[in-house]
Amino acid sequence: MLRRHELLVMSLAVILALLFILFNSPPLSLSSSSAIAYVSNIASPVESGITVKVRVTHQIGNETPRPPITGLVFVVLGGNIADLDAKGEAIFSLPPGNYSLIVSWRDGILYPFRTIVKVEKPLLILVSFREEKLIPDSLILMVNYTTDSSSVEMQYMPPSDKIIYASTPIITTIDQMGRKLVYPTHEAVAWHITPRPYYISLQPSAVYVLYDVVVPVLSSTNTIVPWSILSVVSDETFIPIQITNATIVEGDIEWSST
10 MLRRHELLVM SLAVILALLF ILFNSPPLSL SSSSAIAYVS NIASPVESGI
60 TVKVRVTHQI GNETPRPPIT GLVFVVLGGN IADLDAKGEA IFSLPPGNYS
110 LIVSWRDGIL YPFRTIVKVE KPLLILVSFR EEKLIPDSLI LMVNYTTDSS
160 SVEMQYMPPS DKIIYASTPI ITTIDQMGRK LVYPTHEAVA WHITPRPYYI
210 SLQPSAVYVL YDVVVPVLSS TNTIVPWSIL SVVSDETFIP IQITNATIVE
260 GDIEWSST
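Heads up: the sequence shown is residues 10 to 267, going by my numbering.
The structure is reproduced here in structure tokens:
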């Protein structure tokens, strides 16, 4: 007659054998071809999502728009991040939905472009960054003998009816020794007109109506310069501004780089 502990061992062996047969039968096998096919069917919609292409150009003044330098600009679309390629493009494949779009510069000079994109069909998003020199309409050099300092008041008309961004004004002056001095120090940057960020929001100019005549109101800004400044070189004094435009093309479009 079998002892009690021997019966227990035999029972455990039978249970383990049944469990082995159960988990290795075709309907429940995790390594079966049906399970692999099921996982593939879940992943396929992400791989074959809606194509969204973002194309970025950069322009200085009247120069021809060109793709930014490779590695300088990146695009964030939803939770996806991509660098621009040599053609200035980034391509995403996404399921339908609303996504936040950010086009940002790694050097931190140009103000990022932000918007919300609704993805329902293939999209081509064209984003253009343009830098210009805004020449003031008038310059006034004011000397404050109390504080031994001077200031330059610049009056200007924003060139767009949209909100644009400006950087620190570049002021070229002549001092008491006849030297030409630039404020602030104007370091050269190969791919921008200023090394300083565009951080000042310029609102569209205000207007008022006088006897049915629309009269624009000039905007103005003041910059402190040394007291020794005698004059300002008007044609070498400007406000760097950034104008950003975006166009979204919907539908089955040709994905060309022209």
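Glycine included, every Cβ here is placed at the ideal spot set by N, Cα and C. All of these numbers come straight from a predicted model, not from anything done at the bench.
Query: Length-filtered (3 minimum) beta strand (DSSP E) runs lying within the region 76 to 160; Result: 82 to 86, 89 to 92, 98 to 103, 106 to 114, 122 to 128, 132 to 143 and 147 to 153
Query: Buried versus exposed, by CB contacts within 10 Å (16 or more), GLN251; Result: buried
Query: Continuous beta strand (DSSP E) stretch holding ILE250: start and end; Result: 248 to 259
Query: Per-residue burial, MET186 [other beta carbons within 10 Å of its own, 16 or more giving buried]; Result: exposed
Query: Where the beta strand (DSSP E) through SER228 begins and ends; Result: 228 to 235
Query: Where the beta strand (DSSP E) through TYR174 begins and ends; Result: 173 to 175
Query: Opposing strand residues paired with THR181 [DSSP bridges]; Result: VAL191
Query: N- and C-terminal bounds of the beta strand (DSSP E) containing HIS67; Result: 59 to 69
Query: Length of the line joining the Cα atoms of ILE179 and SER137; Result: 24 angstroms
Query: Proximity below 9 angstroms, CB of LEU211 to CB of ILE149; Result: no
Query: Continuous beta strand (DSSP E) stretch holding VAL242: start and end; Result: Element bounds for VAL242: n/a, residue is neither H nor E.
Query: Cα-Cα separation, ILE257 to GLU245; Result: 37 angstroms
Query: Assigned exposure category for VAL82 - 16 Cβ within 10 Å defines buried; Result: buried
Query: Given GLU141 as reference, the closest of SER160, PRO104 and TYR174 once Cα atoms are compared; Result: TYR174
Query: Selection from ASP92, VAL85 and ASP116 that minimises the alpha carbon distance to SER109; Result: VAL85
Query: Residues bridged to MET163 [DSSP beta-bridge criterion]; Result: LEU148 and THR230
Query: Whether ARG64 touches LEU119 by CB criterion (9 angstroms); Result: no
Query: Classification of THR194 by the beta-carbon crowding that lies within 10 angstroms, buried from 16 upward; Result: exposed
Query: From PRO145, ASP184 and SER159, residue whose alpha carbon lies closest to that of MET166; Result: PRO145
Query: Classification of VAL198 by the beta-carbon crowding that lies within 10 angstroms, buried from 16 upward; Result: exposed
Query: Alpha-carbon spacing of THR181 relative to TRP200, whole angstroms; Result: 21 angstroms
Query: Under 9 angstroms between C-beta atoms of ASN231 and VAL161; Result: yes
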